[in-house]
Structure formats: C-alpha cells, structure tokens
Amino acid sequence: MNEILVLYYSRYGAVRQMAQLVARGVEQAESCIARVRTVPRVSTVCEATESAIPEDGAPYVELRDLEECSGLALGSPTRFGNMAAPLKYFWDSTSEFWLKGTLAGKPAGVFTSTSSMHGGQETTLISMMLPLLHHGMLIVGLPYTEPELFTTTGGGTPYGPSHHSGMANDRTVTDQERKLCLALGRRLAKIASKLEK
Ligand SMILES: Cc1cc2nc3c(=O)[nH]c(=O)nc-3n(C[C@H](O)[C@H](O)[C@H](O)COP(=O)(O)O)c2cc1C
Numbered sequence: 004m005n006e007i008l009v010l011y012y013s014r015y016g017a018v019r020q021m022a023q024l025v026a027r028g029v030e031q032a033e034s035c036i037a038r039v040r041t042v043p044r045v046s047t048v049c050e051a052t053e054s055a056i057p058e059d060g061a062p063y064v065e066l067r068d069l070e071e072c073s074g075l076a077l078g079s080p081t082r083f084g085n086m087a088a089p090l091k092y093f094w095d096s097t098s099e100f101w102l103k104g105t106l107a108g109k110p111a112g113v114f115t116s117t118s119s120m121h122g123g124q125e126t127t128l129i130s131m132m133l134p135l136l137h138h139g140m141l142i143v144g145l146p147y148t149e150p151e152l153f154t155t156t157g158g159g160t161p162y163g164p165s166h167h168s169g170m171a172n173d174r175t176v177t178d179q180e181r182k183l184c185l186a187l188g189r190r191l192a193k194i195a196s197k198l199e200k
C-alpha cells in the first residue's frame with residue numbers, strides 16, 4: 004500500500020481544509036492512503052516552544068514521514084508571495100535526506116491559499132517547488148484536462164490547486180477549487196503507484 008504524505012501549515016484553516024481534500028483525492032485512487040501531517044509554528048522568541056502534540060488537526064511531521072511515504076503534497080498559505088516560515092523551517096532540517104537522495108524520484112505537488120485574488124498564488128506555488136527540486140522530487144502539476152482550470156473564477160492553477168480565502172478568510176472553498184484539490188491527490192497517488200512498479 005503506497006502512502007502519500009500530505010504536509011501542510013495553516014494558521015486560519017483554509018490550507019487545512021485544502022489538505023483534507025487533497026488527502027481524500029489520494030484515497031480515491033486504488034491502494035493508496037494519505038498520511039496527513041503539519042508543522043509547529045515558529046517564533047522570533049527562541050525560548051518559545053510548541054507542545055509536542057498539536058492541540059488540534061494533524062500530528063506534527065517527523066523526518067521519517069518523508070522517508071516512508073512514496074509521494075508528497077505540500078500546502079502553505081501565501082506569506083508575501085512565498086511559503087510560510089514554519090514550513091520553510093522544516094525544509095531547512097532535511098539536509099541529511101538531501102545528501103542521501105532519499106526523496107529523489109518521488110512525485111510531489113503543491114497547493115496554497117491567499118486572501119487576495121492576485122496576491123501571489125503562482126509565485127508561492129513555484130517557490131514551494133524549489134526545495135523539492137533540490138531534493139530531486141518529480142514535480143506534479145495539474146493538466147488542462149481538468150476542466151475546472153478553464154472555468155474557475157477563484158483559485159486553481161496548472162502549478163497546483165489554490166484557494167482565494169478573502170480578506171476576512173470568509174470565502175469557502177469553491178466547487179472548482181475543491182475538485183482541483185481532489186485531482187492533485189488522485190494524480191499523486193496514481194503516479195506514485197506507477198513509479199513503484
Ligand atoms: C504575514 C502574512 C503574509 C501574507 N501574505 C499574503 C500575500 O502575499 N498575499 C495574499 O493574498 N495573502 C497573504 N496573506 C493572507 C493568507 O495567505 C491567507 O489568509 C490564507 O488564506 C491563510 O491560510 P490559512 O487559513 O490556511 O492560514 C498573508 C497573511 C499573513 C499573516
């Protein structure tokens with residue numbers, strides 16, 4: 004049974020909702036399950052530490068999750084057109100795997116959420132791919148055979164699923180955004196299964 008790691012950070016819940024949809028998409032494919040994980044917040048006060056177990060949501064990721072899973076979906080809110088610091092902080096702890104090539108050849112896709120419509124979804128998605136490329140992962144986007152890429156009036160890009168959450172984070176995930184999250188999960192699962200053969 005292949006496992007796809009769905010690793011996300013979410014402060015206000017939008018990316019967490021997307022992560023759940025991507026995970027559902029993974030499990031729509033045959034013989035694949037999703038392992039959903041998050042990362043703790045980081046603080047400018049070095050003494051501040053998060054509790055070992057999150058109060059709610061997915062468990063915190065461990066390095067072995069990357070090693071044990073055969074693919075990755077990585078989700079982050081946009082922070083000034085870029086990935087959020089807690090996820091970047093996690094990637095900065097992965098040099099051991101980079102040296103060993105542990106992730107090389109595994110498929111990976113990315114997803115994001117922004118409060119404004121043109122607030123940097125595509126720059127965030129592309130910059131999230133950079134550490135994954137350094138690790139030798141095979142980047143999986145969304146093809147235009149997904150009809151929602153043509154019809155969406157919110158998020159959804161060929162670089163990966165996205166969501167427009169609104170300035171008050173009050174916009175729900177649209178039907179098109181939802182379908183594209185599911186599509187990424189399914190696609191990662193199918194590609195991981197083919198690569199494992
Ligand atoms: C420090 C900071 C920077 C942000 N930068 C952007 C940005 O560049 N563009 C944008 O549209 N939204 C930006 N946002 C808004 C979040 O990306 C947006 O609310 C997102 O949907 C939150 O996801 P979450 O609910 O999973 O935490 C920023 C939010 C914070 C706190």
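Just so you know, the sequence shown maps onto residues 4 to 200 in our numbering.
Beta carbons are placed, not taken as given, at the ideal position from N, Cα and C, and that holds for glycine.
Should residue 2 go down as buried or exposed, given a rule of 16 or more other Cβ atoms within 10 Å for buried? Beyond the ends of the chain as shown, which are 4 and 200, falls residue 2; an answer cannot be given.
With hydrogens ignored, establish whether the beta-carbon of residue 19 is closer than 7 Å to any heavy atom of ligand 1. yes
Where residue 61 sits in the DSSP three-state scheme: coil
Going by the CB atoms, is the gap between residue 28 and residue 186 shorter than 8 Å? Yes, Cβ-Cβ distance for residue 186 and residue 28 is below 8 Å.
Candidates 17, 182, 176 and 73, of which the one nearest residue 35 by Cα: 73
In chain order, what residues of the same chain lie with their CB nearer than 6 Å to the CB of residue 168, ignoring the 5 residues before and after it? 17, 116, 118 and 174
Does the distance between the C-beta of residue 168 and the nearest non-hydrogen atom of ligand 1 fall short of 7 Å? yes
The region 84-100 touching the region 39-46, judged by at least three CB pairs closer than 8 Å: yes
Could you give the uninterrupted runs of the alpha helix (DSSP H) lying entirely in the region 135-194, keeping only those of 4 residues or more? Assignment of alpha helix (DSSP H) within the region 135-194, counting only whole runs of 4 or more residues, yields 151-154 in chain order.
Could you give the first and the last residue of the continuous beta strand (DSSP E) run that contains residue 110? Start and end: 110-117.
Which whole-angstrom value is the C-beta distance of residue 163 and residue 128, which I expect to be below 8 Å? 5 Å
Inter-residue spacing [alpha-carbon to alpha-carbon] between residue 80 and residue 14: 8 Å
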